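What follows is a short report on a single structure.
2 protein chains.
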Amino acid sequence: MALIVHKYGGTSMGSTERIRSVARRVAKWVRAGHRMVVVPSAMSGETNRLLGLAKELQPARLDTAALRELDMIAATGEQVSVGLLALALQAEGVPAVSYAGWQVPIRTDAAYTKARITSIDDTRVRADLDAGRVVVITGFQGVDDAGHVTTLGRGGSDTSAVAVAAALGADECLIYTDVDGVYTTDPRVVPEARRLHTISFEEMLEMASLGSKVLQIRSVEFAGKYRVPLRVLSSFTDWGIPIDEEARSGTLITFEEDEKMEQAVVSGIAFNRDEAKVTVLGVPDRPGIAYQILGAVADANIDVDMIIQNVSHDGRTDFSFTVHRNDHPRVMDLLKQKVVPALGAREVIGDARICKVSIVGIGMKSHVGVAAKMFRTLSEEGINIQMISTSEIKTSVVIDEKYMELAVRALHRAFELDEPAAA
Amino acid sequence: MALIVHKYGGTSMGSTERIRSVARRVAKWVRAGHRMVVVPSAMSGETNRLLGLAKELQPARLDTAALRELDMIAATGEQVSVGLLALALQAEGVPAVSYAGWQVPIRTDAAYTKARITSIDDTRVRADLDAGRVVVITGFQGVDDAGHVTTLGRGGSDTSAVAVAAALGADECLIYTDVDGVYTTDPRVVPEARRLHTISFEEMLEMASLGSKVLQIRSVEFAGKYRVPLRVLSSFTDWGIPIDEEARSGTLITFEEDEKMEQAVVSGIAFNRDEAKVTVLGVPDRPGIAYQILGAVADANIDVDMIIQNVSHDGRTDFSFTVHRNDHPRVMDLLKQKVVPALGAREVIGDARICKVSIVGIGMKSHVGVAAKMFRTLSEEGINIQMISTSEIKTSVVIDEKYMELAVRALHRAFELDEPAAA
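These protein sequences, in sequence, are chains L and B. Residues in the first sequence are numbered from 185 upward in steps of one, following the working numbering. Residues in the second sequence are numbered from 185 upward in steps of one, following the working numbering.
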């Protein structure tokens, strides 16, 4: 008997028929002897419908007072979901009770529409579990210290589920979604892509930040911080499949180094073509230039991803970084008109037709030559590398976007990700 | 400068366009210098939509746990309304903040789906009013002592508005609705029916309980108990009409005996054809028979309205009462099969083709002969009276339903309600 948290996305909760399936799945876990907490999202389309109504009425400028009302409105979507799911569980003969974020309470800061969870009181939930009830808790929302309703931002229900699991010391948090796990890379690009049985949370964090859309990155951070075993699995399997089979399906994101990990050096290939490259050429090499360039970019509210500065020649260096493709025209203007003249740099060049390809693997920590193998593979395919950035468990390169599929497939093969797992 | 509570029904909140009109009307009152609290209902149709979803999933038997979830779900309709109205007010340049029942808090007992308000904490609302904000509070709902969401039952938003007005000591509570006030009788039956400028709360209470649908009876009880001046007025006038005109429109329900009341002996004629009559004939006249008959009826969860027992002859009496027409077949069966044999009564007869017509007027307290005039008027029209029931300020008769319109029109004329008010 374990304490288990299930999280269901909006598609899984998309109709009364689907909610009934969720209830039957949860009931199966209850009958297997588990103590269950369920965190559902709003029914698909509901949050958009609510914010659409708000948009017709809201003031032109969304100040704090208006953002507060948006959260008040949007939070109702999940409140309806938890009530409906609790009813469906009761109809299955399973005692259940629903709570909105403020009832638990799930405390957050006061940053409306993008609040962060600060604490969760587990007293009430534990009492219900002890009384044999399934506890259904709203995702996506909480309450600040002054008693105002807050929401965590899009996809925040993943974070809610992990935070609840952490607060309760749950044995596992299962994220039911519309994919059946985490893959070595996107199967739409590499048909031989293989589902991972396990992945370390550090790898998952890199995969999420490098463009894998399976989980919201904050939920992975939370899982890592509080050491919550997290499993991503499909909500589209029949609810009646044997529980042992279901409990082993999907991908387990684990923080246990001593667990039997898959032994591949590289776990996955991530890619992202949302970025664009900017290079300031001939920058005088003196203290403070990185700040002068990036400070101006930050002041314009533009996020920077990769940053590269190489050693200088003749007192001058080249400074490169990547930004979101949408921000590329704006950052080029800014640099040309303000930063380059002020710095006395030579010129600024940019390229939006790039992509970033990354290999991720906790095995890289202990294996030398992994990056070299990546570079050799790309070289053998005739692909020129424009920028390189590394961390302990990932290596990213920027290449021409037309080579993206070729690069991903070649790397997937080179690191033997096509092969079935040894396990 | 006064403290004013506005209440808007679901039709007034039925679309974003209508919500904008409500915001403009409230903004007009703010600009006239008033401190404003607004209690809106859910958008029309929304509560039915939510309970329709619940109905598809809920268990066959609605126990307390299921009723709790229905309240959790239904309460979201008003939460969306308050958020949208607050946004619309902000868009009009009026600072506004919304609160759900639990945030005020509006405390209730734990009788889910039909809770009663026990107390309202005015601290938070007062602080916002002092800070120059309009406070928008959900109708229909509250929170019990254990922190569960409760609802007050259909039409409960009227009660919420009056209760909030009482807690704040508001100068007036304005109920904006789809009729423009309280009439001497239903204008669909008597075209000469006249809108009352004022009515005493006791009269309004009788009118509401006798079939007038203008206000929920509990809201009138609340207004009387806490002496809240209540005004019923139309939400379909243009929001831009002069505020002085709007503030004098509709019908004021007042508890001030010393206020200048309209001097009519009878204020209105109420009628109701939802009832059916039951008579147990030849009941042995001994202690406890009323309990033996009505106890059995109550045990079957059937509400009884009028109850009549006349003096006995030869140790036997006849016992009559009225029930809702829907309950008539059931109550007849119950009496024939169980009660009549147990009592040793002669027989039971019933009639569903009846109606109840009542005259209501605080003036009846000090005028003799009012009931006599009613009976004479009906007699002159050849209408036979089947049952009579009186209270200090009303006289009700049961007659054949085919005479209903005739009786109402004749009484309306006889008590000079057709005439314009002397004021």
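All C-beta atoms in this analysis are idealised placements derived from N, C-alpha and C, irrespective of residue type, glycine included. Here the structure is a predicted model, which is why all the values come from computation and not from measurement.
Contact under 9 Å by Cβ, residue i with residue j
i        : j        : result
L:Gly365 : L:Gly434 : yes
L:Glu390 : L:Ser575 : yes
B:Thr334 : B:Ala299 : yes
B:Phe406 : B:Val346 : yes
L:Leu399 : L:Asn456 : no
B:Ala480 : B:Val541 : no
B:Asp487 : B:Val507 : yes
B:Val278 : B:Val210 : yes
L:Glu387 : L:Gly466 : no
B:Leu254 : L:Gly267 : yes
B:Thr322 : B:Glu262 : yes
L:Trp213 : L:Ile427 : yes
L:Arg219 : L:Trp423 : no
L:Thr260 : B:Thr260 : yes
B:Ala294 : B:Ala330 : yes
L:Ala244 : B:Ala275 : yes
Span of the beta strand (DSSP E) around residue i
i        : result
B:Gln325 : Gln325 to Val327
B:Leu187 : Leu187 to Tyr192
L:Glu531 : Glu531 to Asp535
L:Phe503 : Arg500 to His508
B:Leu417 : Leu414 to Ser418
B:Tyr360 : Glu356 to Thr361
B:Lys461 : Glu459 to Pro468
B:Leu436 : Thr435 to Thr438
C-alpha gap between residue i and residue j, whole angstroms
i        : j        : result
B:His190 : L:Asp312 : 40 Å
B:Gly472 : B:Ile567 : 34 Å
L:Gly229 : L:Gly194 : 8 Å
L:Lys578 : L:Ser341 : 28 Å
B:Thr231 : B:Ser282 : 19 Å
B:Met185 : B:Asp314 : 13 Å
B:Gln521 : B:Asp502 : 18 Å
B:Asp458 : B:Cys539 : 7 Å
L:Tyr367 : B:Gln242 : 38 Å
L:Asp483 : L:Gly452 : 35 Å
L:Asp305 : L:Thr421 : 33 Å
L:Asn510 : L:Arg317 : 48 Å
B:Leu271 : B:Leu519 : 57 Å
L:Met548 : L:Ala226 : 40 Å
B:Pro413 : B:Leu352 : 13 Å
L:Ala594 : L:Lys586 : 14 Å
B:Arg215 : B:Arg372 : 38 Å
L:Arg470 : B:Leu273 : 54 Å
L:Gln493 : L:His551 : 26 Å
B:Phe385 : B:Val495 : 34 Å
Beta-carbon separation (whole angstroms), residue i vs residue j, contact threshold 8 Å
i        : j        : result
B:Val450 : B:Leu601 : 7 Å
L:Ile437 : L:Ile383 : 6 Å
L:Ala591 : L:Leu562 : 6 Å
B:Met490 : B:Ser580 : 7 Å
L:Phe611 : L:Ile543 : The requested residue 611 of chain L does not occur in the structure, where chain L is confined to residues 185 to 607.
L:Arg415 : L:Thr343 : About 16 Å; that fails the 8 Å criterion.
L:Ile188 : L:Glu356 : 6 Å
B:Gly337 : B:Thr297 : 6 Å
Residue i, enclosing alpha helix (DSSP H) - first and last residue
i        : result
B:Gln493 : It is not in any alpha helix (DSSP H) - B:Gln493 instead sits in the beta strand (DSSP E) that spans Val488 to Gln493.
L:Asn456 : Careful: L:Asn456 lies outside any alpha helix (DSSP H), inside the beta strand (DSSP E) at Gly452 to Asn456.
B:Ile401 : Ile401 to Tyr410
L:Pro243 : It is not in any alpha helix (DSSP H) - L:Pro243 carries neither H nor E in the DSSP assignment.
B:Asp247 : That residue, B:Asp247, is in no alpha helix (DSSP H); it is neither H nor E in DSSP.
Proximal residues to residue i (C-beta, below 7 Å), its chain only, five neighbours per side dropped
i        : result
B:His512 : Ala460, Gly534 and Ala536
B:Tyr410 : Ala350
B:Glu201 : none
Cut-off 8 Å between Cβ atoms - residues of its own chain near residue i, not counting five sequence neighbours on either side
i        : result
B:Leu417 : Leu358, Ile359, Tyr360, Thr361, Asp364, Gly365, Glu430, Ser433, Gly434 and Thr435
B:Glu443 : Note that B:Glu443 scores a pLDDT of 49, beneath 50, so its modelled location is shaky; the value from the coordinates is reported in the next line. These residues qualify, in order along the chain: Thr382.
B:Ile157 : As shown, chain B starts at 185 and ends at 607. That puts residue 157 of chain B outside it, with no answer to give.
B:His596 : Thr368, Thr369, Val374, Glu376, Ala377, Ile453 and Asp602
Cβ neighbours of residue i in the same chain (closer than 6 Å, five flanking residues each side left out)
i        : result
B:Val222 : His190, Val210 and Val320
L:Pro224 : Tyr192, Met197, Ser265 and Leu269
B:Val309 : Val319
Cross-chain neighbours of residue i in chain D, by beta carbon under 7 Å
i        : result
L:Thr260 : Chain labels in this structure do not include chain D; the protein chains are L and B.
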